[in-house]
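Heads up, the sequence shown is in our numbering, so the first residue is 27 and it goes up one at a time.
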Amino acid sequence: MKYEKLIFLPMIVLAALLTSCGGSDSSGGDAAAAKPQKAYKWKMVTTWPKNFPGLGTAPEKFAEMVDDMSNGRLKIKVYGAGQLVPALEVFDAVSSGTAEMGHGAAYYWKGKIPASVLFAAYPFGLNAQELNGWLHYGGGLELWRELYEPFNLVPYAGGNTGVQMGGWYNREINSLEDLKGLKIRMPGLGGEVIKRAGAEAVNIPGGELFTSMQTGVIDATEWVGPANDLAFSFHQVAKYYYYPGWQEPGPALEIIINKEKLETLPADLQAIVEVASRAASTDMLDNYTATNAGALDKLINEHNVEVRPFPDDVLAEIYRISEEVLQEQAAADPAFAKVYKSINDYRTQVRKYHKLTEQEYYRVRDLDK
């Protein structure tokens with residue numbers, strides 16, 4: 027894509043809008059302005075409930091931005107999970123052309139593409155800032171698009187929640203033994219790791235999690251963070267709220283577009299889609315950063331939720347298992363190995379830098395605590 031490196035974002039938006047208006051060349055400008063331009067109406071299916079805070083509102087905002095920047099030439103109707111297709115059928119629906127676009131998380135498709143999980147989140151992996159750096163300036167986006175190309179799909183980063191919470195549990199976790207036989211909703215590689223630790227991991231769409239916890243179908247669930255977890259009222263069906271979210275330290279959401287449909291768009295509309303996806307992605311992270319702190323305070327002080335850390339020895343063993351699982355996945359699948367080498371090399375480098383900057387700053391900022 028021409029606009030993958032959005033260094034001069036305002037200039038690109040301006041260029042796209044000038045193109046959509048017929049250009050700035052006065053010769054022939056009136057004729058271009060008078061010529062009617064084709065309008066497009068697209069469908070976007072999502073893995074989230076319609077208008078669900080954060081996750082579900084991101085595709086709505088994306089559609090609004092595209093509509094505004096294109097002056098109505100590209101209108102996108104957003105469907106929540108189950109309105110047009112079930113939540114976990116988004117990938118297939120966009121691949122086949124049933125819908126032109128989708129919004130979800132790449133780790134939902136690990137059964138089709140094992141390496142897809144690395145583009146959402148992997149245990150003890152990159153945070154949001156680091157992941158966005160790898161995607162847009164470390165070769166990640168090119169690898170992602172190479173991976174999805176056989177499925178007639180073009181992926182874009184479509185959001186990030188930041189470091190998540192560890193999840194809601196109806197059982198205290200004081201040792202590894204407490205994970206044995208635990209039924210937990212945990213997708214992606216986190217699910218593979220927790221199974222190796224003795225739990226039973228299942229993948230359930232977000233809209234079914236409250237009932238599943240309430241009825242005892244599962245004993246624990248990770249979802250997102252305080253803002254979304256409060257909206258789902260998990261405090262009514264679980265006693266303990268654990269941290270940190272080792273399983274999803276900075277999960278990227280994705281916008282996927284049917285490749286054939288994307289190629290039918292003129293260049294200026296393709297540029298608008300690219301810009302809007304980056305804007306929607308940033309907006310989601312801003313939203314979660316602003317709302318999670320207040321929601322956590324409400325969970326603790328109004329709903330008496332017990333917020334607990336995972337014991338260090340449990341985290342150490344989960345970390346060991348995580349590295350083992352990642353190495354095994356890389357050995358079993360060349361595509362996984364290729365992506366994992368890229369992201370792991372980047373992680374090794376960025377960790378050294380952030381140890382001296384981000385981590386050290388957090389430490390000194392809290393010296394008075």
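Even for Gly, the Cβ is constructed at its ideal location relative to N, Cα and C.
Ends of the beta strand (DSSP E) at Lys103? Numbered from its first residue, the sequence shown carries residue 103 at position 77. First-last of the beta strand (DSSP E) with Lys103: 100 to 105.
If you reduce the DSSP assignment to three classes, tell me which class Trp249 lands in. Position 223 of the sequence shown, counted from the start, is the residue given in the question as residue 249. The answer is coil: DSSP assigns Trp249 none of H, G, I, E or B.
Going along the chain, which residues of its own chain have a beta-carbon closer than 7 Å to the beta-carbon of Ser348, five neighbours each way excluded? Sequence index remark: in the sequence shown, residue 348 carries index 322 (1-based). Residues of the same chain with a CB within less than 7 Å of the CB of Ser348, apart from the 5 flanking positions on each side, are Pro149, Phe150, Val219 in chain order.
For Ala131 and Gly276, which I take to be in contact (beta-carbon distance under 8 Å), what is that distance rounded to the nearest angstrom? What you label residue 131 is simply residue 105 of the sequence shown in a count that begins at 1. What you label residue 276 is simply residue 250 of the sequence shown in a count that begins at 1. The pair is not a contact, with the Cβ atoms about 12 Å apart (cut-off 8 Å).
Among Leu208, Val250, His261, nearest to Val243 - alpha-carbon criterion: Walking along the sequence shown from the start, residue 243 turns up at place 217. Selected option, being the one with the closest Cα: Leu208.
Near Gly325, what residues of its chain come up, given a Cβ to Cβ distance below 8 Å and the 5 sequence neighbours on each side ignored? Along the sequence shown, read from residue 1 onward, the residue named residue 325 stands at position 299. It is Leu, not Gly, that sits at residue 325 in the sequence shown. Once the five neighbours on either side are set aside, the close Cβ partners of Leu325 are Pro252, Asp255, Leu256, His261, Tyr267, Val331, Val333.
Runs of alpha helix (DSSP H) lying entirely within the stretch 111 to 160, each at least 4 residues, in chain order: 116 to 122
What do you get for Arg377, buried or exposed, if any count of 16 or more other CB atoms within 10 angstroms of its CB means buried? As a working note, residue 377 is residue 351 in the sequence shown. So Arg377 ends up on the exposed side.
Counting only the same chain and skipping the five closest in sequence on each side, list residues whose C-beta sits under 7 Å from that of Met212. Position 186 of the sequence shown, counting from 1, holds the residue named residue 212. For Met212, where only same-chain residues beyond five positions count, the Cβ hits under 7 Å are Ile220, Ala227, Glu248, Gln273.
Bridge partners of Met70, per DSSP? Taking the sequence shown and counting its residues from 1, one reaches residue 70 at position 44. DSSP lists Val104, Met127 as partners of Met70.
Say whether the stretch 159 to 166 touches the stretch 310 to 328, bearing in mind that this needs 3 or more beta-carbon pairs closer than 8 Å, one atom from each stretch. no
Buried or exposed: where does Leu393 fall if 16 or more other Cβ atoms within 10 Å of its Cβ makes it buried? Sequence index remark: in the sequence shown, residue 393 carries index 367 (1-based). Burial call: exposed.
Hey, could you find the ends of the alpha helix (DSSP H) Lys381 is sitting in? Working through the sequence shown from its first residue, we reach residue 381 at position 355. Where Lys381 is concerned, the enclosing alpha helix (DSSP H) stretches over 360 to 382.
If we count Cβ pairs, one from each stretch, closer than 8 Å, do we get three or more for the stretch 71 to 89 versus the stretch 297 to 306? yes
Are the CB atoms of Leu169 and Ala285 within a distance shorter than 8 Å? Translated into positions along the sequence shown, residue 285 becomes position 259. Translated into positions along the sequence shown, residue 169 becomes position 143. First, the residue type needs correcting, since residue 285 is Lys and not Ala in the sequence shown. No; because the gap between Cβ atoms is not below 8 Å, this pair is not in contact.
Considering only heavy atoms of the ligand NAP, does any lie closer than 7 Å to the CB of Gly166? For the ligand NAP, the structure offers nothing, since it holds no ligand at all.
Counting Cβ pairs, one atom from each stretch, are 3 or more of them under 8 Å apart for the stretch 288 to 303 and the stretch 349 to 361? no
In the DSSP output, which residue or residues are listed as bridge partners for Leu279? Your numbering for residue 279 matches position 253 in the sequence shown. Answer is Gly185.
Quick one, which of Leu341, Ser96, Tyr366 has its alpha-carbon nearest Leu205's? The residue you call residue 205 lines up with position 179 of the sequence shown. Selected option, being the one with the closest Cα: Leu341.
8 Å Cβ shell around Pro337 - same chain, five flanking residues per side excluded: In the sequence shown, counting from the first residue as 1, residue 337 sits at position 311. These residues qualify, in order along the chain: Ile199, Asn200, Ser201.
With DSSP as the reference, label Lys64 as helix, strand or coil. Residue mapping note: residue 64 aligns to position 38 of the sequence shown, counting from 1. Correct three-state label for Lys64: coil.
Return helix, strand or coil for Arg197, following the three-state DSSP convention. The count along the sequence shown starts at 1 and reaches residue 197 at position 171. DSSP, reduced to helix, strand and coil, places Arg197 outside both helices and strands of the structure shown, so it counts as coil.
In chain order, what residues of the same chain have a beta carbon less than 8 Å from the beta carbon of Tyr269, not counting five sequence neighbours either side? As a first step, residue 269 must be located in the sequence shown, where it is residue number 243. Only Met191, Gly192, Val333, Arg334, Pro335, Phe336 meet the Cβ criterion.
With burial defined as no fewer than 16 other Cβ atoms inside 10 Å of the residue's Cβ, what is the status of Ile210: buried or exposed? For the purposes of this step, residue 210 is identified with residue 184 of the sequence shown, where counting begins at 1. Flag for Ile210 reads buried.
With DSSP as the reference, identify every bridge partner of Glu226, one or two as the case may be. Locating residue 226 in the sequence shown gives position 200, where the first residue counts as 1. Paired residues: Lys209.
Inter-residue Cα distance where the pair is Lys395 and Leu322: Position 369 of the sequence shown holds residue 395. Position 296 of the sequence shown holds residue 322. Rounded to the nearest angstrom, the two C-alpha atoms are 19 Å apart.
Whose CA, out of Gly80, Pro231, Glu300, Leu173, lies closest to the CA of Met127? Position 101 of the sequence shown, counted from the first residue, corresponds to residue 127. The candidate whose alpha carbon is nearest that of Met127 is Glu300.
So Thr73 and Pro231 are supposed to be a Cβ contact under 8 Å. How far apart are they, rounded? The residue given as residue 73 occupies position 47 in the sequence shown. The residue given as residue 231 occupies position 205 in the sequence shown. With a Cβ gap of about 7 Å, Thr73 and Pro231 count as contacting.
For Phe117, which residues of its own chain have a beta-carbon under 6 Å away from its beta-carbon, when the five flanking residues on both sides are left out? In the sequence shown, counting from the first residue as 1, residue 117 sits at position 91. So the list reads Trp135, once near-sequence residues are dropped.
Tell me the residue span of the beta strand (DSSP E) that contains Glu175. As a first step, residue 175 is located in the sequence shown; it is residue number 149 there, counting from the start. Here Glu175 belongs to no beta strand (DSSP E), and DSSP marks it neither H nor E.
Rounded Cβ spacing between Arg99 and Tyr133 (contact assumed at less than 8 Å): Residue numbering aside, residue 99 sits at position 73 when the sequence shown is read from its first letter. Residue numbering aside, residue 133 sits at position 107 when the sequence shown is read from its first letter. Between Tyr133 and Arg99 the Cβ distance is about 34 Å, and since that is not below 8 Å, they are no contact.
Completely contained beta strand (DSSP E) runs for the stretch 263 to 340, where each covers 3 or more residues: 266 to 269, 278 to 284, 332 to 335
Tell me which residue opens and which closes the alpha helix (DSSP H) that Met95 is part of. Reading the sequence shown from its first residue, position 69 is the one you call residue 95. Its alpha helix (DSSP H) spans residues 83 to 95.
State buried or exposed for Leu152, treating a residue as buried only when at least 16 other CB atoms are found within 10 Å of its CB. The sequence position of residue 152 within the sequence shown is 126, counting from 1. Its Cβ being crowded by 16 or more others within 10 Å, Leu152 is buried.
Rank Ser259, Ala356, Leu173, Leu114 by C-alpha distance to the C-alpha of Phe236 and give the top, closest one. Counting from one through the sequence shown, the residue named residue 236 turns up at place 210. Among Ser259, Ala356, Leu173, Leu114, the Cα nearest to that of Phe236 belongs to Ser259.
Hey, could you find the ends of the alpha helix (DSSP H) Ser259 is sitting in? Residue mapping note: residue 259 aligns to position 233 of the sequence shown, counting from 1. Looking at the DSSP string, Ser259 is not in any alpha helix (DSSP H), and its letter there is neither H nor E.
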